[in-house]
Amino acid sequence: MELRCCTSLNYLKPKAIELLSVLWRVHNSSNSTLNLPLPGQVTVEKKAGVSDEYYLAIGFVPLGNRAVRADILERVAVILRQQAKAQPFVLEDKILSLLGLGYEETKIILGEIGYIEEQSVAGKRMFKRKSQRGQSRRKKGGYRSKQVDKTKSYQNQIVSKEKGQNANSNSPFAILKNVRLEQSG
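Taking the working numbering, I'd label the letters of the sequence shown as residues 19 to 203.
Here it is as structure tokens:
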């Protein structure tokens, strides 16, 4: 899962978050009072009974039992992508500091965005990217074999058109049915 939030910082200021919260309650006909994050707070604990949509509406991304401010999560994701190029990688204290959380809470959030903990080496906290289904396919067949399959499928469609299936005559491409290409070689 690739996470790209790109949230505007204007929407993450305290007054804007308060306004977004009010708008969400009006839109959802909710009379409940929802606790707003304190100014400068980058992670909040999710409250029972509060929908994930509320956190998303105020600029926080729900992950596990916490919600992380979108701009901070994006910064963390960029750092992790750079570090994950060398697998496994050491979890830097910078990540803990950005999230304002301890190691155990950070480990849960990293798990939610696709990282797993590895065996510690010399007391260092090691993480790696979860293996993705597509990676195993790339090793077996590679990009080229997928292209060949797509080409065969496309050629089958052309053959079925030539065997008498009528194309839409109103299509701007209808004139192309009269075009014949010569094969070289």
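All C-beta atoms, glycine included, are put in the ideal place defined by N, C-alpha and C.
{"query": "Can you say whether A88 is buried or exposed, counting buried as having 16 or more other CB atoms within 10 angstroms of its CB?", "result": "buried"}
{"query": "Helix, strand or coil, according to DSSP, for V197 in the structure here?", "result": "coil"}
{"query": "Which of the three DSSP states, helix, strand or coil, is assigned to I76?", "result": "coil"}
{"query": "For R93, which residues from the same chain have a beta carbon less than 8 Å from its beta carbon, with the 5 sequence-adjacent residues on both sides left out?", "result": "L116"}
{"query": "Straight-line CA distance for I127 to L81?", "result": "6 Å"}
{"query": "Checking 8 Å against the spacing of the C-beta atoms, do S48 and I76 come in under that value?", "result": "no"}
{"query": "Identify which residue in V108, F191 and S149 has its Cα closest to the Cα of I131.", "result": "S149"}
{"query": "Quick check on L199: buried or exposed, where buried means 16 or more other Cβ atoms within 10 Å of its Cβ?", "result": "exposed"}
{"query": "Do you know offhand how far L109's Cα is from G129's?", "result": "13 Å"}
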